[in-house]
Amino acid sequence: MIFALLGFAAILLDRRWAAVRLAAWLDHRRRLHPEWEPSWGPTLWWRPWLVVAATFFGLASGVKWSGFFFLLAFVAYVIVVD
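Per this note's numbering, the very first residue in the sequence shown carries number 776; after that it's consecutive.
1) Could you tell me how far apart the beta carbons of Val853 and Ile777 are, in whole angstroms, since I believe they sit closer than 8 angstroms?
2) From His808, Gly833, Val826 and Leu801, pick the residue whose C-alpha is nearest to that of Thr818; which is it?
3) Taking the C-alpha atoms as reference points, what is the distance between Asp789 and Phe832?
4) Is Thr818 helix, strand or coil when you go by DSSP?
5) Could you tell me how far apart the beta carbons of Ala779 and Gly842 are, in whole angstroms, since I believe they sit closer than 8 angstroms?
6) Rounded to whole angstroms, what is the Cα-Cα separation between Ala798 and Arg806?
7) Might you give, ordered along the chain, the residues of its own chain that have their beta carbon closer than 7 angstroms to the beta carbon of Phe845, omitting 5 neighbours on each side?
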């Protein structure tokens, strides 16, 4: 259970990290082009906290097979939220 909890914490840290990066990107774009209106945001490819979360969910799955359900649930969550 500790690995599943650490994976969930990494997901929460990823949400905050991505929000900060998105806000910085929008601020940078608005300073460069004040008339610009966002229609599409940037693609955030580098997501180290998602790698950490996947590692923890993999460790949870290694301890007990039901850890795969946590992995599948949080993969679906990340896809829907993003």
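Each residue gets a CB set at the ideal place from its N, CA and C atoms; glycine is no exception.
Taking the coordinates as given:
1) Reading the sequence shown from its first residue, position 78 is the one you call residue 853. Reading the sequence shown from its first residue, position 2 is the one you call residue 777. So it is not a contact: roughly 21 angstroms between Cβ atoms.
2) As a first step, residue 818 is located in the sequence shown; it is residue number 43 there, counting from the start. Closest by alpha carbon: Leu801.
3) Here residue 789 is taken as the residue at index 14 of the sequence shown, counted from 1. Here residue 832 is taken as the residue at index 57 of the sequence shown, counted from 1. When rounded, the distance between both Cα atoms is 15 angstroms.
4) Translated into the one-based positions of the sequence shown, residue 818 becomes position 43. DSSP, read as helix, strand or coil, puts Thr818 in coil.
5) The count along the sequence shown starts at 1 and reaches residue 779 at position 4. The count along the sequence shown starts at 1 and reaches residue 842 at position 67. Contact between Ala779 and Gly842 holds: CB atoms are separated by about 6 angstroms, below the 8 angstroms threshold.
6) Taking the first residue of the sequence shown as 1, we reach residue 798 at position 23. Taking the first residue of the sequence shown as 1, we reach residue 806 at position 31. Rounded to the nearest angstrom, the two C-alpha atoms are 12 angstroms apart.
7) Within the sequence shown, residue 845 is the residue found at index 70, counting from 1. So the list reads Ala779, Gly782, Phe832 and Ala835, once near-sequence residues are dropped.
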